[in-house]
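Novice: Encoded as structure tokens, here's the structure I'll be asking about.
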Amino acid sequence: MPMITRERYGATDVLELRDVPPSRPGAGQVLVRVEAAALNPYDWHAMVGLPYFARAQFGWRRPRADGLGGDFAGRIEAAGPDVTGLAEGDAVFGLVGHTPDGSTLALGTLSTQLCIAADRVRRRPDHLDAAGAAALPLAGITALRAVRDAGAVGPGDRVLVNGASGGVGTFAVQIAKALGGHVTGVCSTRNLELVRSLGADEVVDYTSDDPTAGDTRYDLVLDNVGNHPTSRWRRVLADDGLYLASFDHPERRLLGPMAAVARMSVGARVHRRRMTMLNWSLRPDDLDALADLVDDGSITPVVCCTFPLAQTCEAMEHLASRRARGKIIITMEDTPWGA
């Protein structure tokens, strides 16, 4: 079966489209014919092996996982023993879990087939195509955990989403609105109308206005960009407000965002403000929550663009540009060698 693989860390030239032996589902697993997969910043970090501290998870000398990709949508081809509730032909979506030793995500959805634990798979919402369903899992769960769980957003709460036009941001705006929040989205000029269309009550163009300089105080600031010092975000937090960082600082090769996290922790204690890095573990019932939000019309995935599997290198370069609106999707149509 065709699959994107790599044997070492590096730029997109380390990626290869190879024909690898097909998998068979074991107990509690299903075999999915993948129709679409979404790219996430995690995939870029796993490809380049940066920041270096993350190699404790990815593998020190070479990648532990040969593949890339965590989000997927497709159809069940076969079910192993002890699988209930899913059957051959079901349209599904899901998110990979961790490797058996718990060290890293079992990446590998950039492939035409995938064996995965059945509890990581859910039926696809009826009105979503494969691309839309593949866009949901990781970015959607990140936004859900930030807005619903960590931020505990409720009616009337003021929410600011920095990076509102990105993968996580587009979901965060919609989820915050669904929970009754008053949402301010921060984005570039070209994305203002997109963010408004997602339901944002106010939009700030960061190319001409500073979102940290206004008089409004926010109950939740979700920062997906990291383009302002946390000291400036403290100015716009309500007394009991929460600042959540969800960015990666790809230019910082050694520690990535960890230095910023350390400074933020010290500043939060000194200034008595709630400021922290968003951290969460995979929980399959979040897939159900996302499907419910799609079904009731609260959220709609935003797909930036699609690339065939054979053009994964180009797709990864677009991801690295940090200019994507919504999610970048890899499709398995017209993949060489068939399945």
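Numbering that gives the first Met the number 0 applies: residue 0 is where the sequence shown begins, and numbers increase by one. Glycine residues also receive a C-beta, built at the ideal position from the N, C-alpha and C atoms.
#1: Could you give the DSSP three-state label for Ala201: helix, strand or coil?
#2: If I measure Cβ to Cβ from Val302 and keep anything under 7 Å in the same chain, skipping five residues before and after, which residues do I get?
#3: With distance defined between alpha-carbon atoms, name the residue in Leu14, Arg123, Ala244, Arg119 nearest to Gly27.
#4: I'd like to confirm the pairing. Which residues does DSSP put opposite Gly162 in its beta bridges?
#5: Excluding five sequence neighbours on each side, which residues of the same chain lie with their C-beta closer than 6 Å to the C-beta of Val244?
#6: How many angstroms separate the CA atom of Leu292 from the CA atom of Arg122?
#7: Does the distance from the CB of Phe92 to the CB of Ala138 come in under 8 Å?
#8: Classify Asn278 as buried or exposed, calling it buried when 16 or more other Cβ atoms lie within 10 Å of its own Cβ.
#9: Identify which residue in Val31, Leu159, Gly165, Tyr51 has its Cα closest to the Cα of Gly213.
#10: DSSP beta-bridge partners for Val120?
#11: Could you check which residue in Asp294, Ser297, Gln112 has the C-alpha nearest to that of Gly334?
#12: Measure the C-alpha to C-alpha separation of Val95 and Ile115 and round it to an integer number of angstroms.
#13: Return the bridge partner residues of Thr340 from the DSSP annotation.
#14: My assumption, with CB atoms under 8 Å, is that Ala90 sits in contact with Pro24. Please give the rounded CB distance.
#15: Counting only the same chain and skipping the five closest in sequence on each side, list residues whose C-beta sits under 7 Å from that of Gly179.
#16: Can you give the beta carbon distance from Ala117 to Val33, rounded, assuming they're within the 8 Å contact cut?
#17: Taking 7 Å as the limit between beta carbons, can you name the residues of its chain near Leu254, skipping five residues before and five after?
#18: Look at the Cβ atom of Asp218, then the Cβ atom of Gly240, and state whether they are nearer than 8 Å.
#19: Alpha carbons only, please: which of Ala142, Val19, Ser187 is nearest the one belonging to Val172?
#20: According to DSSP, what are the bridge partners of Pro307?
#21: Under 8 Å by Cβ, that's how I've got Leu109 and Ala36 pegged, so tell me the actual separation to the nearest angstrom.
#22: Measuring straight from C-alpha to C-alpha, what distance separates Phe246 and Val220?
#23: Please report the straight-line C-alpha distance between Leu14 and Gln310, rounded to a whole angstrom.
#24: Rounded C-beta distance between Ala149 and Val185? I'm assuming under 8 Å.
#25: Ala177 and Ser280: beta carbons closer than 8 Å?
#26: Would you please state the rounded distance, in angstroms, between the beta carbons of Leu67 and Ala45? I believe it to be under 8 Å.
Specialist: Straight from the coordinates:
#1: As a working mapping, residue 201 is identified with position 202 in the sequence shown. Just to set this straight, residue 201 is Glu in the shown sequence, not Ala. DSSP places Glu201 in strand when its eight states are reduced to three.
#2: Residue 302 sits at position 303 when you count from the first residue of the sequence shown. Here the set comprises Ala130, Gly131, Ala134, Gly325, Lys326, Ile328.
#3: Here residue 27 refers to the residue found at position 28 of the sequence shown. Here the closest residue by C-alpha is Arg119.
#4: Numbered from 1 along the sequence shown, position 163 holds the residue referred to as residue 162. According to DSSP, Gly162 bridges with nothing at all.
#5: For the purposes of this step, residue 244 is identified with residue 245 of the sequence shown, where counting begins at 1. Sequence check: residue 244 is Ala here, not Val. Same-chain partners within the cutoff: Asp222, Met276.
#6: On the sequence shown, residue 292 is found 293 positions in, with the first residue counted as 1. On the sequence shown, residue 122 is found 123 positions in, with the first residue counted as 1. Spanning the two alpha carbons is a distance of roughly 14 Å.
#7: On the sequence shown, residue 92 is found 93 positions in, with the first residue counted as 1. On the sequence shown, residue 138 is found 139 positions in, with the first residue counted as 1. Against a cut-off of 8 Å, the Cβ pair of Ala138 and Phe92 comes out as no contact.
#8: Numbered from 1 along the sequence shown, position 279 holds the residue referred to as residue 278. The residue is exposed, with fewer than 16 neighbouring Cβ atoms inside 10 Å.
#9: Residue numbering aside, residue 213 sits at position 214 when the sequence shown is read from its first letter. Among Val31, Leu159, Gly165, Tyr51, the Cα nearest to that of Gly213 belongs to Leu159.
#10: Numbered from its first residue, the sequence shown carries residue 120 at position 121. Answer by DSSP bridge pairing, in chain order: Gly93.
#11: For the purposes of this step, residue 334 is taken as residue 335 along the sequence shown, with counting starting at 1. For the record, residue 334 in the displayed sequence is Thr; it is not Gly. Looking at the Cα atoms, Gln112 is the closest of the given residues.
#12: Your numbering for residue 95 matches position 96 in the sequence shown. Your numbering for residue 115 matches position 116 in the sequence shown. Rounded to the nearest angstrom, the two C-alpha atoms are 7 Å apart.
#13: Any answer about residue 340 is impossible in this case: the structure gives the chain only from 0 up to 338.
#14: On the sequence shown, position 91 is the one that residue 90 refers to. On the sequence shown, position 25 is the one that residue 24 refers to. Between Pro24 and Ala90 the Cβ distance is about 17 Å, and since that is not below 8 Å, they are no contact.
#15: Taking the first residue of the sequence shown as 1, we reach residue 179 at position 180. Gly153, Pro154, Gly155, listed in sequence order.
#16: For the purposes of this step, residue 117 is taken as the residue at position 118 of the sequence shown. For the purposes of this step, residue 33 is taken as the residue at position 34 of the sequence shown. With a Cβ gap of about 16 Å, Ala117 and Val33 do not count as contacting.
#17: The sequence position of residue 254 within the sequence shown is 255, counting from 1. Unreliable positioning characterises Leu254 in this predicted model, as indicated by a pLDDT of 48, which lies under 50. A coordinate reading is not provided.
#18: Within the sequence shown, residue 218 is the residue found at index 219, counting from 1. Within the sequence shown, residue 240 is the residue found at index 241, counting from 1. Taking 8 Å as the Cβ cut-off, Asp218 and Gly240 qualify as a contacting pair.
#19: Translated into positions along the sequence shown, residue 172 becomes position 173. Ranking the options by Cα distance to Val172, first place goes to Ala142.
#20: In the sequence shown, counting from the first residue as 1, residue 307 sits at position 308. DSSP, once it has assigned bridges, lists Thr330 as partnering Pro307.
#21: Along the sequence shown, read from residue 1 onward, the residue named residue 109 stands at position 110. Along the sequence shown, read from residue 1 onward, the residue named residue 36 stands at position 37. 6 Å between Cβ atoms; contact.
#22: As a position in the sequence shown, residue 246 is number 247, starting the count at 1. As a position in the sequence shown, residue 220 is number 221, starting the count at 1. When rounded, the distance between both Cα atoms is 13 Å.
#23: Within the sequence shown, numbered from 1, the residue matching residue 14 stands at position 15. Within the sequence shown, numbered from 1, the residue matching residue 310 stands at position 311. For Leu14 and Gln310, the distance between alpha carbons rounds to 10 Å.
#24: Translated into the one-based positions of the sequence shown, residue 149 becomes position 150. Translated into the one-based positions of the sequence shown, residue 185 becomes position 186. Rounded, the Cβ-Cβ distance is 19 Å, inconsistent with contact.
#25: Within the sequence shown, the letter at position 178 stands for residue 177. Within the sequence shown, the letter at position 281 stands for residue 280. Not closer than 8 Å, so no.
#26: Numbered from 1 along the sequence shown, position 68 holds the residue referred to as residue 67. Numbered from 1 along the sequence shown, position 46 holds the residue referred to as residue 45. Right, the Cβ-Cβ distance comes to about 6 Å (below 8 Å), so this counts as a contact.
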